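Here is the structure we will look at, set down as structure tokens.
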Amino acid sequence: MEGSEAVLTCRDFVEFLDDYLEGRLQEQVVARFHEHLSQCPSCVAYARSYQDSVRLARKALGDDAPVRGVPEELVQAILAAQRRSQAG
Amino acid sequence: MPKMEATLAIPAHAAMPSSAAADSAAGRLIVDDRFEREALPHMRSLYSTAYRLTRNSADAEDLVQETMLRAYRAFDSYTPDTNIRAWLYTILYRVRADHYRRIGRSVQTVELEGEGPGTAPPQDALARGQEHVARALAELPECFRGAVLLRDIQEFSYEEIAAILDIPIGTVMSRIHRGRALLRRSLASLGS
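Here the protein sequences come in this chain order: P and L. Numbered by this note's numbering, the letters in the first sequence go through residues 1 to 88 in order. Numbered by this note's numbering, the letters in the second sequence go through residues 1 to 192 in order.
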């Protein structure tokens, strides 16, 4: 984000939210984010729900989530193909 | 693996090929052992990602099988004790990209329009079940889904993702941000 004097709009907030959350913004710009958040309940709700979405995805889709494991047939197929590749 | 002392009895001019063959066979066994020890433990994670990318088990199995075969054949080029997980994921995403190239399609993209604090939050999406969240992710265009999976589920760094997808880091950041924003919107609409 350039121009530290410019007003930070809700659109700017959404566009640079990832940079803010990942700590990629300069201190000056972070201060403007905080100022915006103190005055904009909509952006507070948006940031919270954005982080919630990431958290929900991690919880629902992590490798430990109850999804199907690796089918045994696939493991066997790979090992068999390796043997063929080795023989060839 | 039988020992090769017998080569001592073989005439000197014949010893080289025999010894080379033995070395080669022994080398292959070492590679096989390393491959099974280092690469195979990542299959569950690779399959999980392949399933999220392809959205069906048959295509996921094909994708993982081709990935593991390519990895096996190229295993000599992998430097031991480096980042094998990133190396395997790079192959997985290349295989997927090759699939798209073969069928003459490019990975679908979409513009992020109308995203902003005015749209509804995901609220109680998880309370409606993990399948609900999985469905929301499955609805993302693959180019964003793939980037979000690598960052938020597999927890690769931005630099690693840039290498895996072979795209600039700025594009990685953009895809992850757009993917997360679309996921948020999708969760909101599914939850309403």
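Note that beta-carbon positions come from the ideal geometry of N, C-alpha and C, so glycine has one too. Being a predicted model, the structure only gives us computed values, none of them experimental.
query: 8 Å contact criterion, which residue 85 (chain P) and residue 40 (chain L) should meet: CB distance rounded; result: Wrong, their Cβ atoms sit about 15 Å apart, outside the cutoff.
query: Under the three-state DSSP convention, the category residue 48 (chain L) falls into; result: helix
query: Contact the segment 16–34 of chain P vs the segment 92–107 of chain L: 3+ CB pairs below 8 Å; result: no
query: Extent of the continuous alpha helix (DSSP H) run through residue 41 (chain L); result: Counting along the chain, residue 41 (chain L) falls outside any alpha helix (DSSP H), and DSSP gives it neither H nor E.
query: C-beta contact flag for residue 164 (chain L) and residue 89 (chain L) at 8 Å; result: yes
query: Nearest neighbour of residue 36 (chain P), chosen from P:22, P:11, P:56, P:23 [CA to CA]; result: P:11
query: Proximal residues, the segment 134–145 of chain L versus chain P, C-beta separation under 7 Å; result: 134, 137
query: Boundaries of the alpha helix (DSSP H) in which residue 65 (chain L) is found, first to last residue; result: 57–73
query: Selection of the segment 168–181 of chain L by Cβ proximity to chain P, strictly under 8 Å; result: 173, 176, 177, 180, 181
query: Between the CA atoms of residue 147 (chain L) and residue 172 (chain L) - distance to the nearest angstrom; result: 7 Å
query: Proximal chain L residues relative to residue 62 (chain P), where beta-carbon distance stays under 7 Å; result: 153
query: Own chain residues within Cβ distance below 7 Å of residue 66 (chain P), not counting five before or after; result: Any reading at residue 66 (chain P) is ruled out, since the residue's pLDDT is 48, under 50, leaving its predicted position unreliable.
query: Given residue 153 (chain L) as reference, the closest of L:45, L:34, L:36 once Cα atoms are compared; result: L:45
query: Burial state of residue 23 (chain P) (16 or more Cβ within 10 Å); result: exposed
query: DSSP-derived helix/strand/coil call for residue 51 (chain P); result: helix
query: Proximal residues of chain B, C-beta to C-beta of residue 38 (chain P) below 9 Å; result: The structure shown contains no chain B; the protein chains it does contain are P and L.
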